[in-house]
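Novice: Quick one: the structure is below, questions incoming.
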Amino acid sequence: MPRGSKESYSPKQKRMAEHIEESEKKQGRSAKSAARIGWATVNKKTGGAKGKKSSSTAKKSASKRTKH
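Anchor point for the sequence shown: position 59 equals 935 in this note's numbering, and the numbering is continuous, going up by one each time.
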């Protein structure tokens with residue numbers, strides 16, 4: 877898969893990036909900048925195309941188990 881390809885993203889992630897991109901364009905950003913911000917935000921929130929970022933609730937419950 878070539879670098880920059882969005883094939884591995886889920887449909888939900890693609891919709892999320894599109895909505896963020898539209899919002900950024902309304903705020904006056906260029907199309908290129910808006911797209912970059914949209915995908916960067918999706919990657920930060922979901923952990924990227926493979927979705928390796930765990931949920932915050934899983935982190936909280938794991939930290940509660942380790943504290944005594």
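Ideal placement from N, C-alpha and C gives every residue a C-beta, glycine not left out.
For the region 908 to 921 against the region 886 to 895, do three or more pairs of beta-carbon atoms, one drawn from each stretch, fall closer than 8 Å, so that the two count as touching?
Specialist: yes
Novice: Check methionine 892 in the structure and name its three-state DSSP category.
Specialist: To locate residue 892, count along the sequence shown from 1; it is residue 16. In this structure, methionine 892 counts as helix in the three-state DSSP scheme.
Novice: What does the Cβ neighbour count give for glutamate 900, buried or exposed, with the cut at 16 atoms within 10 Å?
Specialist: Your numbering for residue 900 matches position 24 in the sequence shown. Under this definition glutamate 900 is a buried residue.
Novice: Would you please state the rounded distance, in angstroms, between the beta carbons of glycine 914 and alanine 893? I believe it to be under 8 Å.
Specialist: Taking the first residue of the sequence shown as 1, we reach residue 914 at position 38. Taking the first residue of the sequence shown as 1, we reach residue 893 at position 17. About 4 Å separates the two Cβ atoms, so the contact holds.
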